[in-house]
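Reviewing the structure listed below.
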Amino acid sequence: MLNPIWLKTFTTVAACHSFTEAGRQLDLTQSSVSEHIRRLEESVGRRLFVRDTHSLAMTPDGEAMLAHASVILQALARAESQFRAPRLKGRVRLGSSDDVALGPLPTVLAAFRDAHPDVELEITIGMTGKLYELLDAGSIDLLVGKRRLGDRRGVPLFTGRLEWLARTGTLVDLSQPLPLILVAEPSVTRAVVLDALAEAGFSWQVVCTSSSHSGCIAAARGGLGITVRPQYLAARGLTPPLNAASLPTLPSVEFIALAARRLSRPAGTLLQLLYDSDLRGSWIGE
Numbered sequence: 001m002l003n004p005i006w007l008k009t010f011t012t013v014a015a016c017h018s019f020t021e022a023g024r025q026l027d028l029t030q031s032s033v034s035e036h037i038r039r040l041e042e043s044v045g046r047r048l049f050v051r052d053t054h055s056l057a058m059t060p061d062g063e064a065m066l067a068h069a070s071v072i073l074q075a076l077a078r079a080e081s082q083f084r085a086p087r088l089k090g091r092v093r094l095g096s097s098d099d100v101a102l103g104p105l106p107t108v109l110a111a112f113r114d115a116h117p118d119v120e121l122e123i124t125i126g127m128t129g130k131l132y133e134l135l136d137a138g139s140i141d142l143l144v145g146k147r148r149l150g151d152r153r154g155v156p157l158f159t160g161r162l163e164w165l166a167r168t169g170t171l172v173d174l175s176q177p178l179p180l181i182l183v184a185e186p187s188v189t190r191a192v193v194l195d196a197l198a199e200a201g202f203s204w205q206v207v208c209t210s211s212s213h214s215g216c217i218a219a220a221r222g223g224l225g226i227t228v229r230p231q232y233l234a235a236r237g238l239t240p241p242l243n244a245a246s247l248p249t250l251p252s253v254e255f256i257a258l259a260a261r262r263l264s265r266p267a268g269t270l271l272q273l274l275y276d277s278d279l280r281g282s283w284i285g286e
């Protein structure tokens, strides 16, 4: 068995080329250093050093052992660091837009839960505009959603282009106001869509309003009108209208992570995981 104490002594001797100096660094007597090396050599059945009164050199087996010893000691150090660190405890209040919740968020939350099982997660799903209000009121710790128009706070995570969707086979009558299915105010998507239509000179009528994207998708499947969704989120039974090319091109929206000014350690840890994760990932449609 490769005793980590012997390995530490071995790597120290190899680094400083001296039993005496290794003993000084490790606070060991020279005889203890020699004993560690002797027992390590007996354990592996190989000579690791060639030593005389004037010089000390590693054998080829010693050089091979050095590579293994470094890896083993590094792995032990990482394990000790992980298990010595106090386990995170507490609660994180996370707000997420429903389009993010339908996509990559479950994978991130699963990873966080696996690493920090003692942290309670309190998740609020809603429109990004409402989540901004909750964050500013101190009701949630973190927000993941679309960047609000005119608000430069938050760290960008990814961008996604919006597209028009309707029941498969729909041909929009462009001679009439566009029948829109939109999420309720305050909504970043709603504001972006109406701004794009106004700029392009289109008239519209909001025929259905929902508190969630899921409600908009259900109404669109029922043929009530056209709605909008990020391109990466597929929805069964919905496709761009047949004459979508005649509709205004919609811009991309930016998804961000935004945190309260004062974060607990658990909330800060989840925020870092969000930054480090590939949230663009594999998105899930309903």
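Under the UniProt record's numbering, the residues of the sequence shown are numbered 1 to 286, in order. Each residue gets a CB set at the ideal place from its N, CA and C atoms; glycine is no exception. Predicted model only: the values in this text are computed from it and were never measured.
- Within the DSSP bridge table, the entry for Lys146 names Phe255 as partners.
- Its Cα nearest to that of Arg147, the residue Val155 stands out among Val155, Asp141, Ile140.
- Comparing alpha-carbon positions, the option among Pro248, Leu274, Ile256, Glu21 lying closest to Arg152 turns out to be Ile256.
- A check of alpha carbon separations from Pro241 across Ala166, Leu131, Leu105 identifies Ala166 as the nearest.
- Here Ala57 is exposed: its Cβ has fewer than 16 other Cβ atoms, across all protein chains shown, within 10 Å.
- A straight-line Cα-Cα distance of about 45 Å links His116 and Ser31.
- Excluding its 5 nearest sequence neighbours in each direction, His17 has C-beta neighbours in its own chain below 7 Å: Leu56, listed in chain order.
- Take the alpha-carbon of Ala69 and the one of Val13: they are about 12 Å apart.
- The residue among Thr168, Asp118, Val71, Ser81 with its C-alpha nearest the C-alpha of Val92 is Asp118.
- The residue among Asp141, Arg84, Gly145 with its C-alpha nearest the C-alpha of Asp99 is Gly145.
- The beta-carbon separation of Val228 and Trp164, rounded to 6 Å, stays under the 8 Å limit for a contact.
- Between Leu48 and Ser96, the gap from beta carbon to beta carbon reaches 9 Å or more.
- No residue range can be given for Ile226, since it is assigned to no beta strand (DSSP E) and is classified by DSSP as neither H nor E.
- Residue environment analysis places Ala77 among the exposed positions, since fewer than 16 neighbouring C-beta atoms fall within 10 angstroms of its C-beta.
- Collapsing the DSSP output to three states places Ser96 in a strand.
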